[in-house]
Amino acid sequence: MLLRLESRRAPSVLLTWLTPVMAIAATLVTGAIIFAAMGHAPGQALYTFFILPINSGYGFTELLVKATPLALIALGLAIGFRSSVWNIGAEGQLTLGAVFGGGVAIFTHGSESIFILPLMMLAGVVGGMLWGAIPAYLKTRFNANEILVSLMLTYVATLALSALVHGPWKDPGGYNFPESVLFGDAALLPILVEGTRLHLGSLIALLLLVAGWFVLARTLLGFQVRVVGMAPMAASYAGFQQKRMVWIALLVSGALAGLAGVFEIAGPIGQLLPVVSPGYGFTAIIVAFLGRLHPLGILIAALILALSYLGGETAQIEMRLPQGITGVFQGMILFYLLASDVLIRYRLRLLAPAAESRS
Amino acid sequence: MTETVPLLSMRAICKRFPGVLANSNVNLDVMHGSIHALLGENGAGKSTLVKIIYGVLHPDSGEMRWQGSPARVSSPSDARKLGVGMVFQHFSLFEALTVTENIALGLDAAPDLQALRTRIVQVAEDYGLPLDPDRHVYTLSVGERQRIEIVRCLLQKPSLLIMDEPTSVLTPQEAEKLFATLRRLAGEGCAVLYISHKLYEIQALCDTATIMRGGEVVAACDPRNESAHSLAELMIGEELKPPVRRESAAGDTVRLSVRGLNKPSLDQFGVSLHDVSLDVMAGEIVGIAGVAGNGQSELLDVLSGEVPQAEADTVVVCGTPCGHMSAGERRSLSMAYVPEERLGHGAVPDMSLIDNLLLSGYRTHKLVRNGVVDYDGARTQARKVVDSFDVRTPGVEANAGSLSGGNLQKFIVGREVCQTPQVLIVAQPTWGVDAGAAAAIHQALIDLAGTGTAVLMISQDLDEILAISDRVAVISAGRLSSPRPRAEANAGELGLLMAGKRAEPAAAHEHAS
């Protein structure tokens, strides 16, 4: 028996949406094997990882809290990925958004003005766009690879944040801990459900997903994004300018990542810390692909990857597993997704040995 | 060896690819010393059949007999051992190596280079194929490169030589030389299986023809007893209407003007354009002939606006200097464009016909309001194109990549023609398109010019140029000859221009580098 890959005449639409499900199933099976190898009952371990965290109403709101930055960032990345602009530095854009937004909160500390929160969001968007503009400029001016530039700028951003909270922005009354002041109420997002951490940012993210769907599906800009990504020659035939697409992709994804950064510090965190994100900017890359670069898919994928964060935390507490288990599961999902995506354009065919030897 | 037993006999050959039966019960007999045409449209199954003969593909069922006895060919090397040689449409040569080294690489056993060199010179002289064994391939013209492939086959003393569309890259004179070689081979008893869809050359060259359509053999005939028209009808299986000619409708308004265009090539293998000037009047079709790679794509880049120029007045469309404008801006000047490459350039393969209509049509049809696309309007326009150009497709939602070459080309040409542009630039409008679709496209171009549009057509197909152009120019090594009325142009003279020779034919020699 021989397995052979045969190219399909057209990419399979069904499998485009089925391979993410296959990838998740394969991740669960492999996860069970890993748990068993570590001496845990696989069923119990998977339950602890994937069901226990969202078994309560509070757990479910926590899922939404974690999914919010993932969905926001992935939406921006998807617009870029569709037009073949590979922004890998959303983590840095998120961080710079947090720095800009946090700066507003710190400098207005003590004021109760209702304009503080909108100003923080605006500042966060500007910060993220600024960090996205650097790779965009270098790409369009010098053809510098945006993957490397945006990725390396991430480390610049996180170190800048760290320097600020270790230095000038350190809370004077904070016993020398590297933390900013706790933000005042005017700099915090309103809570949607009393007694939880679910905040207004989740609602805004949902609205932005709907807006993102509209832009991609119904506007000329969305059409241009798709054409540039699918057939660059056809884009230049139609007169769509690739450089403009690079700018749009990096500015939009930077803006959304920056906004996500503000939501984190004005929501669950409530101050600036040396690190404000557990790698949301990188995990959002997985979200974007698992969600097929489609806003609805991104919503679902963001919930799934958010669960991997919650599951990782629960597994640490309940089963004394190391923190790295979150990354293991996220990595497996991406690995299996990329591996099974080959089936979208190719089909597997079993060849009987007889037919093979005859040829 | 008796003359009544066919040299090669294929019996009930079937070959299936995903979604298509490429060969269905195909029978073919090739006799010793005959020049046998295998005729059919793109996708008729010709290439599949010869690849089976040459051992590149393996049939699902069927039998191959060689000189009367069953033969098993499981690889090209088996085929060569039998005595089958094949010259592919696309050459497999290493540009940086010499002719001798290239031929050595293609042989099954490692040869002594000096002895091989002597044999190459011998064979090349014997068959009138001038070839310098020490030249590097990158310095050779396409015709010379083809000679390498032919010599490579002849060195093995084949009894069957398969030629796949050999003249598509040749000037008429080069083609004539090739025919002389093939006739000579046939005279020595070597059979030639000649694949083409060019009817005139088949009539001039071949003594037998097998005609394929949709994977089946539909007819066998002696092409010398048929007319080009009847052969074409056998090929497409329906009645063929030749394009309805009209008197030239050329007005005296210049719609498209190129003045003193110079464009040095940026990349090593590109062609620089030298002082190209051209006017296209309202209502006329100007054809630019030339062998591929003589500056056509560079000229198209400049004309279409995909590579804008620094100076605005090198290209003037309807009185507006637009050399600096992008392709999109030029469309606003009522210019439309059909590029050479359908998939990925003229159309996005993975997008629907509706999206592909939007691609070039959203400005003219005003399908975008406040940045929002009117998809209903686009659907209506796409349907209109599909209906009026008889595009065979399950619907306008079908992806462009799922259409056959001819149908997609009809859609693209239709999409541009339906915008009723003042200037239309078309490149290779019927390249790889079946005869029925080609006739429809030619008619559409003639009709469009009849309404006063200036049409500029760049094509390597000289028959096409002579069939529908009002004036004809030739591009060679980045220089454009001055256009002359078709009535004064003939294929022989144009061929000389295509080969880079000036008006006086005796002046130049073979290797005009």
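Sequence order for the protein chains is B and Z.
Numbering-wise (numbering that gives the first Met the number 0), the first sequence opens with residue 0 and increments by one.
Numbering-wise (numbering that gives the first Met the number 0), the second sequence opens with residue 0 and increments by one.
All C-beta atoms, glycine included, are put in the ideal place defined by N, C-alpha and C.
Owing to the predicted nature of the structure, the values given are computational and were not obtained by experimental measurement.
In terms of Cβ geometry, Ala132 of chain B and Leu205 of chain B do not form a close pair [threshold 9 Å]. Distance between Val120 of chain Z and Thr99 of chain Z, taken at the CA atoms: about 10 Å. At a cut-off of 9 Å, the C-beta of Asn398 of chain Z has a neighbouring C-beta in chain B.
Short of 6 Å from the beta carbon of Gly290 of chain B, and not among the five residues preceding or following it, lie these beta carbons of its own chain, in chain order: Gly296, Ile297 and Ala300. For Thr252 of chain Z, the closest C-alpha among the options Z:His441, Z:Val422 and Z:Asn22 is that of Z:Val422. For the options B:Leu118, B:Ala314 and B:Gly323, the alpha carbon positioned closest to that of Pro41 of chain B is the one of B:Ala314.
Thr138 of chain Z and Val217 of chain Z have their alpha carbons spaced roughly 43 Å apart. Interface with chain B (9 Å Cβ-Cβ cutoff): Met63 of chain Z is excluded. At least one CB atom of chain B sits nearer than 9 Å to the CB of Met350 of chain Z. Interface flag for Pro10 of chain B against chain Z is set, since a Cβ pair is found closer than 9 Å. Segment contact: the stretch 20 to 33 of chain Z against the stretch 328 to 337 of chain B, fewer than three CB-CB distances shorter than 8 Å; contact not assigned.
Under a 10 Å Cβ-count criterion, Val395 of chain Z is classified as buried, with 16 or more other Cβ atoms of the shown protein chains found around its own Cβ. Excluding the 5 residues flanking it on each side, Trp246 of chain B has same chain C-beta neighbours closer than 6 Å at Ala135, in chain order. Here Ser276 of chain Z is exposed, its C-beta having fewer than 16 other C-beta atoms within 10 Å. For the C-beta of Arg330 of chain Z, the chain B residues within less than 9 Å are, from N- to C-terminus, Ala237 and Gly238.
Within the stretch 451 to 508 of chain Z, the runs of alpha helix (DSSP H) that reach at least 4 residues and sit entirely inside it are, in chain order, 461 to 467 and 490 to 497. Secondary structure note for Asp375 of chain Z: it is in no beta strand (DSSP E), and the uninterrupted alpha helix (DSSP H) holding it is Tyr374 to Ser387. Annotation: Ile50 of chain B is outside any alpha helix (DSSP H) and is labelled neither H nor E by DSSP.
DSSP places Gly260 of chain B inside the alpha helix (DSSP H), whose first and last residues are Gln241 to Glu263.
Contact note: Ala233 of chain B reaches chain Z through Gly343, His344, Gly345, Ala346, Val347 and Leu358, using a C-beta cutoff of 8 Å and chain order. The beta carbon of Glu237 of chain Z sits closer than 6 Å to no other beta carbon from its chain once the five residues preceding and following it are set aside.
For Arg254 of chain Z, no pairing in a beta bridge is given by DSSP.
Residue contact check for Leu219 of chain B against chain Z: a CB pair falls below 9 Å. Under the 8 Å Cβ criterion, the stretch 346 to 354 of chain Z counts as touching the stretch 217 to 236 of chain B, having at least three qualifying pairs. Residue contact check for Gly304 of chain Z against chain B: a CB pair falls below 9 Å.
Neighbours of Val226 of chain B in chain Z, taken as residues whose beta carbon is under 7 Å from its own, are Val347 and Leu358 in chain order. Listed in chain order, the non-local C-beta contacts of Met21 of chain B below 6 Å within the same chain comprise Ser339, local neighbours out to five positions each way being set aside. In the DSSP annotation of this structure, the continuous segment of the alpha helix (DSSP H) that includes Asp300 of chain Z starts and ends at Gln295 to Ser303. It is roughly 17 Å from the alpha-carbon of Gly250 of chain Z to the alpha-carbon of Thr419 of chain Z. Here Arg341 of chain Z has Gly404, Leu407, Gln408 and Ile411 as same chain residues with Cβ atoms under 7 Å from its own Cβ, once five neighbours each way along the sequence are excluded. His293 of chain B counts as buried, since at least 16 other C-beta atoms from the protein chains shown sit within 10 angstroms of its C-beta. The Cβ neighbour count for Asn489 of chain Z, taken over all protein chains shown within 10 Å, is under 16; the residue is labelled exposed.
Inclusion of Gly294 of chain Z and Leu272 of chain Z in the CB contact set at 9 Å is warranted, their separation being smaller than that value. Contact between the stretch 249 to 265 of chain B and the stretch 47 to 58 of chain B is absent: fewer than 3 CB-CB pairs across the two stretches fall below 8 Å.
Residue-level contact check: Pro338 of chain Z touches chain B, since one or more beta carbons of chain B fall below 9 Å from its beta carbon. The stretch 6 to 57 of chain B is shown to contain whole alpha helix (DSSP H) runs of 4 or more residues at 12 to 36 and 41 to 45, in chain order.
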